[in-house]
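First the structure, in the form of structure tokens, and then the observations on it.
Residue numbers (our numbering): 2 to 95.
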């Protein structure tokens with residue numbers, strides 16, 4: 002068995018949803034009790050995958066501020082995942 006490397010031709014990123022270093026309470030919530038995949042290096046750069054269901058739980062249970070751009074961004078992430086039949090949302094962290 003082998004794992005083949007594939008060249009990336011195009012990568013499209015959405016606006017930032019949250020900050021892994023500053024929004025530790027959100028990250029802690031997402032990591033707790035879920036299959037949170039983390040492929041980051043020691044500098045925090047890399048990819049994470051968060052289950053769609055965990056993002057929905059975050060939206061429903063987190064104590065959001067009245068006007069919180071992070072909630073709006075995560076709602077957009079969930080909507081995109083549902084429209085594209087995804088069970089996880091992948092985030093590129095840099």
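Where a beta carbon is used, it is the ideal one built from N, C-alpha and C, also for glycine. Bear in mind the structure is a predicted one, so any value in this text is a computation, not a measurement.
(1) With H, G and I counted as helix, E and B as strand and the rest as coil, what does DSSP make of residue 69?
(2) Would residue 17 be called buried (16 or more neighbouring beta carbons within 10 Å of its own) or exposed?
(3) Answer with buried or exposed for residue 82, where buried requires no fewer than 16 other C-beta atoms within 10 angstroms of its C-beta.
(4) Decide if the stretch 50–59 is in contact with the stretch 20–39; the criterion is three or more beta carbon pairs, one per stretch, under 8 Å apart.
(5) I need the straight-line Cα distance from residue 15 to residue 45, nearest angstrom please.
Reading it off the structure:
(1) In the structure shown, residue 69 falls within a coil segment according to DSSP collapsed to helix, strand and coil.
(2) Its Cβ having fewer than 16 others within 10 Å, residue 17 is exposed.
(3) Burial check for residue 82: the Cβ neighbour count within 10 Å reaches 16 or more, so the residue is buried.
(4) Touching, per the Cβ criterion.
(5) So the two alpha carbons sit approximately 19 Å from each other.
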